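Colleague: Count along the sequence shown from 1, then add 13; that gives the number in this note's numbering.
From the three backbone atoms N, C-alpha and C, an ideal C-beta is built for every residue, glycine too.
Model, not experiment: these values are computed from the prediction.
Handing you this structure, nothing more for now.
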Amino acid sequence: MPRVLIVEDHQRLAQAVSSVLQAQGIGCDIVASLHCAAGFLEAVSYDVLILDRGLPDGDGLALLAQLRALRRPTPCLVLTARDALGDRVHGLETGADDYLTKPFEMAELVARVKALMRRSQAWAPDEVCFSDLRVTQHTSTLFVGPSSITLSPSELQILLELIRREGGVVRRGTLESAAWGAFADITPKALVVAVHRLRGKLMALGSRVSIVNLKGIGYGLADSSDT
Ligand code: CA
Numbered sequence: 014m015p016r017v018l019i020v021e022d023h024q025r026l027a028q029a030v031s032s033v034l035q036a037q038g039i040g041c042d043i044v045a046s047l048h049c050a051a052g053f054l055e056a057v058s059y060d061v062l063i064l065d066r067g068l069p070d071g072d073g074l075a076l077l078a079q080l081r082a083l084r085r086p087t088p089c090l091v092l093t094a095r096d097a098l099g100d101r102v103h104g105l106e107t108g109a110d111d112y113l114t115k116p117f118e119m120a121e122l123v124a125r126v127k128a129l130m131r132r133s134q135a136w137a138p139d140e141v142c143f144s145d146l147r148v149t150q151h152t153s154t155l156f157v158g159p160s161s162i163t164l165s166p167s168e169l170q171i172l173l174e175l176i177r178r179e180g181g182v183v184r185r186g187t188l189e190s191a192a193w194g195a196f197a198d199i200t201p202k203a204l205v206v207a208v209h210r211l212r213g214k215l216m217a218l219g220s221r222v223s224i225v226n227l228k229g230i231g232y233g234l235a236d237s238s239d240t
């Protein structure tokens, strides 16, 4: 499921944006400060960032400038109450991909978010590999040689997160956020169950790769041909 981070301190507006996007099958997390946003961006990879400018701890553009300095390309739609030309130019120069002036129509917001998503998906490689594993994201399919199996959305996100770390340990919280969103109301068992199912699928395909558990910390991928 594509995921959007909404950085907006106007709670009713943030909730409205979130429910409109969720109705379109887009997962949303909401944060109300730059500080929280930085934490979420560290833990989860988002397809689009929706960024308010006037936040309690500063201007949203400061966060965007930091992201771009770190070469994080997450597409960003800036929401702004200021419609002066100078402000729009400043936003775009800081690395915003698009902007909307408040108040805006929800339909326009959805169209712009989807357009940014299409652009980012065109950039992101659809196929990800690790050892003998090959995952195609748009079909949620895991291949080992000629065999394949379909992954559930949460299994897909967990496996992609593990593959991104190339065998490094991924914290439980990071995996849970990737699979269900940072605010999802899930029990600790949900991750255990999803990992169990993933392990079953790796075994069914005869993969050399297994998922190892570092108790209390998280999970990582192990390639048996390395040992
Ligand atoms: Ca605001």
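1. Relative to the C-alpha of Ile252, which residue among Val157, Thr200, Val206 and Leu62 is closest?
2. Using a Cβ distance threshold of 8 Å, determine whether the segment 178 to 195 contacts the segment 147 to 160, with at least three qualifying pairs required.
3. Please list the terminal residues of the continuous beta strand (DSSP E) segment that includes Glu140.
4. What's the C-alpha gap between Val57 and Arg81?
5. Is it buried or exposed for Ala36, if we count other Cβ within 10 angstroms and need 16 for buried?
6. Please report how far the alpha carbon of Leu234 lies from the alpha carbon of Thr93, in whole angstroms.
7. Mind reading off the beta-carbon distance from Leu254 to Cys89? Whole number of angstroms is fine, and I expect it under 8 Å.
8. Taking buried to mean at least 16 other C-beta atoms within 10 Å of its own C-beta, is Asp65 buried or exposed?
9. Under 7 Å Cβ to Cβ from Thr163, same chain only, skipping five residues before and after it: list those, please.
10. Counting Cβ pairs, one atom from each stretch, are 3 or more of them under 8 Å apart for the segment 172 to 181 and the segment 217 to 237?
11. Can you name the start and end residues of the beta strand (DSSP E) that Gly231 belongs to?
12. Compute every distance between the C-beta of His23 and the non-hydrogen atoms of ligand 1, then say whether any falls below 7 Å.
13. To the nearest angstrom, how far is the alpha carbon of Pro201 from that of Gly104?
14. Specify the secondary structure class of Leu113 as computed by DSSP and reduced to three states.
15. Which same chain residues end up closer than 8 Å to His48 when comparing Cβ atoms and leaving out the 5 residues on each side of it in sequence?
16. If contacts are defined as beta-carbon pairs under 8 Å, then Val30 and Ile19 qualify, I think. What distance do you get, rounded to the angstrom?
17. Is the separation between the beta-carbon of Leu76 and that of Ala50 shorter than 8 Å?
Modeller: Here's the rundown:
1. Outside the shown range of the chain, which is 14 to 240, sits residue 252, and nothing can be said about it.
2. Touching, no.
3. Its beta strand (DSSP E) spans residues Glu140 to Phe143.
4. When the Cα atoms are used, Val57 and Arg81 turn out to be separated by approximately 16 Å.
5. Looking at its Cβ environment, which holds fewer than 16 other Cβ atoms inside 10 Å, Ala36 is exposed.
6. Put simply, the backbone Cα of Leu234 is about 43 Å away from that of Thr93.
7. No answer is possible for residue 254: it lies beyond the span of the chain, which begins at 14 and ends at 240.
8. It counts as buried.
9. Sequence-distant partners of Thr163 (beyond 5 residues in either direction) whose C-beta falls short of 7 Å from its own C-beta, in its chain, are Ser153 and Thr154.
10. Verdict: yes, contact present.
11. For Gly231, the enclosing beta strand (DSSP E) stretches over residues Gly231 to Asp236.
12. Here the distance from the Cβ of His23 to the nearest heavy atom of ligand 1 is below 7 Å.
13. Each residue's CA atom was taken as its position, placing Pro201 and Gly104 some 40 Å apart.
14. Strand, per DSSP.
15. Excluding residues within five positions, the ones whose Cβ falls inside 8 Å are Asp70.
16. Right, the Cβ-Cβ distance comes to about 6 Å (below 8 Å), so this counts as a contact.
17. The Cβ atoms of Leu76 and Ala50 lie closer than 8 Å to each other.
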